[in-house]
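Presented below is the structure to which this report refers.
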Amino acid sequence: MTDNTKPSAFDAAAVAPPSGAETTDFGFRDVPLAEKKPMVRAVFDSVATRYDIMNDVMSLGIHRAWKKIFVTEMGAHPDLTLLDLAGGTGDISFGWLRAGGGRAILSDINASMLSVGRGRALERGLISSLNFAVMDAEAIPLPDRSVDRVTIAFGLRNCTDKDAVLREARRVLRPGGRFLCLEFSRVQVAALSPIYDAWSFHVLPRMGAAIAGDRESYQYLAESIRMFPDQETLAGMMRNAGLEHVTVRNLSGGIAAIHSGWRI
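Letter by letter, the sequence shown follows residues 1 to 264 in full-length UniProt numbering.
In C-alpha cells, the structure reads:
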C-alpha cells in the first residue's frame, strides 16, 4: 500500500537524483535513466483512448477551466505560431485555434495519444490549421527561433530531463516569444493537502481500475504529480534555461499552476 504521508512530506528537489546520476524518478520509484521514456510511453499507450474521460474524473472537470485560463494567457493572434509540446489529445492546440491563433504544431512523444488528437481535430474541423509531429520535447526537431509560442500542459512532469525541455523551448522561440507550462503543482492551502492526498492515492487508482482497467498507470500519474518541482523550483529552472520575466499563477489553491517565461 502506498504511504500517503510521503507525498505531502517530501521535497521534490531533495529527492531528485544528483547531476550525472544514472537513475531517475518514475513516480516514487527510481528507475534506470534509459528506461523512463519507454515506461511513460507504455502508461500513455494504456490510457490514450480514455484519457479525456479520466481527466474529467481526476480533476472533477476543473481541468477544463484551467485550460481555458491557460489559453487566454497564451495571447492568441493570427500572426503567431504555436508549438504544443506533449499536446496529446489536442485541447491546447484546439483552444489556441478557436481563440484566433495562427498555425499550430500539435506534438507528442506518444503516437497513440497523437492519433487520438488527430481524430478529434478531424471531428472539429480543425485539421487544416494543424501539423502533427511525434516529437521528443527534450530534442525538438525545429530550427532555432522558429515559433512564437511554446506550450506544455500536464506533460512536463513526465519528461526525463526537464531542464533539456526548457532549454529546447527557449531555443526554438523567436525573440519576443513566450513559453507557458500548465502543470499540477504544490498545494498552497494547508487544509486542502490531506483531502488532496486522499483523493490522489486512494480514489484515483481505484477509478483508473474501474474506468480504464488500469490501476497502475493512474497510481503513477498521482505519484508523478508529487515528484514534480514546486512552483518556486520550476520558476528557477526556467530562469536557468534563459527564460526571462518568469511568472507563476496558482490555480485552485496551487493544485495546478501556470508558469510563463519570455525569450527576450
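Every residue, glycine too, gets a C-beta built ideally from N, C-alpha and C. Being a predicted model, the structure only gives us computed values, none of them experimental.
{"Item": "Tell me the start and end of each unbroken beta strand (DSSP E) in the segment 113 to 170 that is at least 3 residues and wholly inside, in chain order.", "Value": "130 to 134 and 147 to 153"}
{"Item": "Which two residues bound the contiguous alpha helix (DSSP H) that contains ASN110?", "Value": "Per DSSP, ASN110 belongs to no alpha helix (DSSP H) and is neither H nor E."}
{"Item": "Using 8 angstroms as the cut-off, can you tell me whether the segment 85 to 92 makes contact with the segment 234 to 242, which would need three or more C-beta pairs spanning the two stretches below that distance?", "Value": "no"}
{"Item": "From ALA13 to SER128, what does the alpha carbon distance come to, in whole angstroms?", "Value": "Residue placement at ALA13 is flagged as unreliable, the pLDDT there being 32, under the threshold of 50; the coordinate-derived value follows with that caveat. C-alpha separation (whole angstroms): 42 angstroms."}
{"Item": "Measure the alpha-carbon distance for ARG215 versus TRP96 and round it to whole angstroms.", "Value": "33 angstroms"}
{"Item": "Look at the Cβ atom of ILE255, then the Cβ atom of TYR218, and state whether they are nearer than 8 angstroms.", "Value": "no"}
{"Item": "Could you tell me which residues DSSP pairs with HIS259 in its beta bridges?", "Value": "CYS181 and VAL248"}
{"Item": "Is it the case that the Cβ atoms of ASP161 and GLU183 are separated by a distance below 8 angstroms?", "Value": "no"}
{"Item": "Thinking C-alpha only, which one of ALA164, LEU106 and THR81 is nearest GLY177?", "Value": "THR81"}
{"Item": "Please confirm if the segment 103 to 123 is in contact with the segment 35 to 52, defined as three or more CB-CB distances below 8 angstroms between the two stretches.", "Value": "yes"}
{"Item": "From the DSSP output, which residues share a beta bridge with ILE105?", "Value": "LEU83 and ASN131"}
{"Item": "Just list the residues that DSSP pairs ASP30 with in beta bridges.", "Value": "ASP25"}
{"Item": "How should PRO213 be labelled, buried or exposed, when 16 other C-beta atoms within 10 angstroms of its C-beta is the threshold for buried?", "Value": "Note on residue identity: the sequence assigns Gly, not Pro, to residue 213. That one is exposed."}
{"Item": "If you reduce the DSSP assignment to three classes, tell me which class ARG64 lands in.", "Value": "helix"}
{"Item": "Answer with buried or exposed for THR247, where buried requires no fewer than 16 other C-beta atoms within 10 angstroms of its C-beta.", "Value": "exposed"}
{"Item": "Can you have a look at THR24 and say buried or exposed, based on whether 16 or more other CB atoms are within 10 angstroms of its CB?", "Value": "buried"}
{"Item": "Identify whether ARG41 lies in helix, strand or coil by the three-state DSSP scheme.", "Value": "helix"}
{"Item": "Counting Cβ pairs closer than 8 angstroms, one from the segment 69 to 87 and one from the segment 52 to 60, do we hit at least three?", "Value": "no"}
{"Item": "In terms of residue numbering, what span does the alpha helix (DSSP H) encompassing PRO194 cover?", "Value": "193 to 198"}
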